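Number of protein chains: 2
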Amino acid sequence: MPTADRPRRRADAERSIARIVTAARACLSGDPNAGLDDIAKAAGVGRMTLYGHFGNRAALVEAALADALRAGEEALAAVDLTGDARQALARLLHSSWSLVAESAVLLGAAREVLPAERILELHAAPAQRVEDLVRRGQAQGVFRTDLPMTWLVNVVHHILKGAAEESRAQRLEAEDAAGIVTATALAVLALPAPDPLGPR
Amino acid sequence: MPTADRPRRRADAERSIARIVTAARACLSGDPNAGLDDIAKAAGVGRMTLYGHFGNRAALVEAALADALRAGEEALAAVDLTGDARQALARLLHSSWSLVAESAVLLGAAREVLPAERILELHAAPAQRVEDLVRRGQAQGVFRTDLPMTWLVNVVHHILKGAAEESRAQRLEAEDAAGIVTATALAVLALPAPDPLGPR
DNA sequence: CTTAACTCGTACTCATGAGTACGACTTTGC
DNA sequence: GCAAAGTCGTACTCATGAGTACGAGTTAAG
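Written as structure tokens, this is what we have:
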């Protein structure tokens, strides 16, 4: 599973594959229904070359998603997640929100073509990182514990996705987005006010 | 714009239209790509009847969305939005979250077929209601004012959509959802802690 | 330099879903 | 009860996008 032990690939093939995957990420992040045709064109490669490497749409979409997630992992790994969990989360969001946002549409494309469990698998690593962070925040007493962990992790993702949509619709300035997303996510994770409406 | 002054419609036509719109809402809420064929079948009506009333896919999708929003308006109108804005929001979400959640997929279908502004128009009434509520909460000093109003309103919508997705993926029990959604939305709108990390 | 790997155009097949044409049958409204 | 309005099946056309077949030309690797 680490790297290739395949029957060997020539250098130009490797190059083509890289260009195709990159193009696929770009195209599918703009339109989840982009055709293989468009992707090949964007990659500057013949349609047949594409089929030579991927065989069908699902395989290509999976490769594109995997690539996006690999990039995500890289970004995550570069962030300092130690110290105060709130500050760590802020750093994490600032450095990765745009990537997640851009990939949201691609993810949508993947959902139509890949089994749900496969997508879960691919997300496992980054999701784990976020979960660990949330758990640390809870242990530090700065994140809430009254909602399910799964929700806590995923709602952050949904907020990012939402921000991406707002940004695409011009209802959010790209510059402001990172700050707003961070503020929102922190608000969700923060300890709830002891009793928001006074004792009942 | 109120009701019909049209060349007159027969009772059975009215009935057909109602069945079609209902079926369209149901089908498109399950699969945004549902075919007109499926919808006609679900409505228990011939495909030609459907075309007789709608002409094209876009018209039908628009009618379905409009119907869903009409239902939403009804639900909203039935909720008491006076008093403490937080409690009012809680009431609002409890009574309408499932409707919004179910319609999220339908909304997605509409986005592919209708101009963005048309969708905005259709949403105007319910969106205004929510905005008014948020504004009232701000005036009462219980909702934050440091983020753009548009975001505040829309992020609630995104949270509902996210919850719907989680629920569909079996990661959220349907019974728990209302409470979780409410808690999350309130957390987003609440006044942020004076300075979450102590004075800088 | 030679061969296996790779590229890629052209020209298909195939399935799907939108929308149209036509015409016979049925229901409603007055 | 009769004309207009509505229903609806069958049989199209048309566009699109996935995937296949074939074969000639190009390039990297030993």
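Protein sequences, first through last, are from chains A and B.
Quick note: the first sequence uses the numbering used here, first residue 150, plus one each step.
Quick note: the second sequence uses the numbering used here, first residue 150, plus one each step.
Heads up, the beta-carbon is just placed ideally off N, CA and C, and yes, glycines get one too.
In this text the structure is predicted, and so the values were computed from the model without any measurement.
Query: Sub-9 Å separation of threonine 333(A) and leucine 321(B) beta-carbons; Result: no
Query: Unbroken stretches of the alpha helix (DSSP H), 4 residues or longer, contained in the stretch 210-287 of chain A; Result: 234-260
Query: Cross-chain neighbours of alanine 332(B) in chain A, by beta carbon under 8 Å; Result: Asp295, Leu296, Pro341
Query: Complete runs of the alpha helix (DSSP H) confined to the stretch 285-327 of chain B [at least 4 residues]; Result: 298-317
Query: Local Cβ density within 10 Å of alanine 323(B), reported as buried at 16 or more and exposed below that; Result: exposed
Query: Exposure of threonine 231(A), with buried meaning 16 or more beta-carbon neighbours within 10 Å; Result: exposed
Query: Distance, leucine 256(A) Cα to valine 249(A) Cα; Result: 10 Å
Query: Cut-off 6 Å between Cβ atoms - residues of its own chain near glycine 286(B), not counting five sequence neighbours on either side; Result: Ala234, Phe292
Query: Assumed close pair glycine 311(B), proline 275(B) - CB separation to whole angstroms, cut-off 8 Å; Result: Their Cβ separation, rounded to whole angstroms, is 19 Å, which puts glycine 311(B) and proline 275(B) out of contact at 8 Å.
Query: Three-state secondary structure (DSSP) of alanine 332(B); Result: helix
Query: Residues that alanine 339(A) bridges to, as DSSP identifies them; Result: Phe292(A)
Query: Distance CB(alanine 258(A))-CB(asparagine 182(A)) smaller than 9 Å; Result: yes
Query: Secondary structure of arginine 196(B), DSSP reduced to three states; Result: helix
Query: Beta-carbon gap between valine 170(B) and leucine 209(B) smaller than 9 Å; Result: yes
Query: Near-chain B residues of the stretch 216-240 of chain A (beta-carbon distance less than 8 Å), N- to C-terminal order; Result: Asp233, Arg235, Gln236
Query: Coarse secondary structure for alanine 184(B), derived from DSSP in three states; Result: For clarity, residue 184(B) is glycine in the given sequence; the question names alanine instead. Three-state DSSP puts glycine 184(B) in coil, outside helix and strand.
Query: Local Cβ density within 10 Å of leucine 350(A), reported as buried at 16 or more and exposed below that; Result: Outside the shown range of chain A, which is 150 to 349, sits residue 350(A), and nothing can be said about it.
Query: Rounded C-alpha distance that separates alanine 172(A) from arginine 278(A); Result: 28 Å
Query: Reference glutamate 314(A), options Trp246(A), Pro343(A), Val228(A), closest by Cα; Result: Trp246(A)
Query: Chain A within 9 Å of tryptophan 246(B), Cβ atoms only; Result: no
Query: Closer than 9 Å to chain B by CB, histidine 202(A); Result: no
Query: Contact set between alanine 318(A) and chain B, taken where Cβ atoms lie within less than 8 Å; Result: Ala265
Query: Close-in-space but distant-in-sequence residues of the same chain around isoleucine 166(B) (CB under 7 Å, 5 per side omitted); Result: His202
Query: Contacts around aspartate 187(A), its chain only, beta-carbon distance under 7 Å, and the 5 residues preceding and following it disregarded; Result: Cys176
Query: For leucine 241(B), the nearest candidate out of Asp229(B), Ser252(B), Leu271(B) (CA to CA); Result: Asp229(B)
Query: Closest Cα partner of valine 262(B) within the set Glu251(B), Ala207(B), Ala226(B); Result: Ala207(B)
Query: Within chain A, the residues that leucine 321(B) reaches when beta carbons sit closer than 7 Å; Result: Trp300
Query: Proximity test, Cβ basis, 9 Å: aspartate 325(B) and chain A; Result: yes
Query: Cβ-Cβ separation, valine 337(A) to alanine 336(B) (assumed contact under 8 Å), whole Å; Result: 5 Å
Query: Nearest-angstrom Cα separation, counted from serine 244(B) out to leucine 225(B); Result: 8 Å
Query: DSSP-derived helix/strand/coil call for glycine 204(A); Result: coil
Query: Chain B contacts from the stretch 182-203 of chain A (Cβ-Cβ distance under 9 Å); Result: Asn182
Query: DSSP-derived helix/strand/coil call for arginine 157(A); Result: coil
Query: Within-9 Å CB hit, histidine 306(B) to chain A; Result: yes
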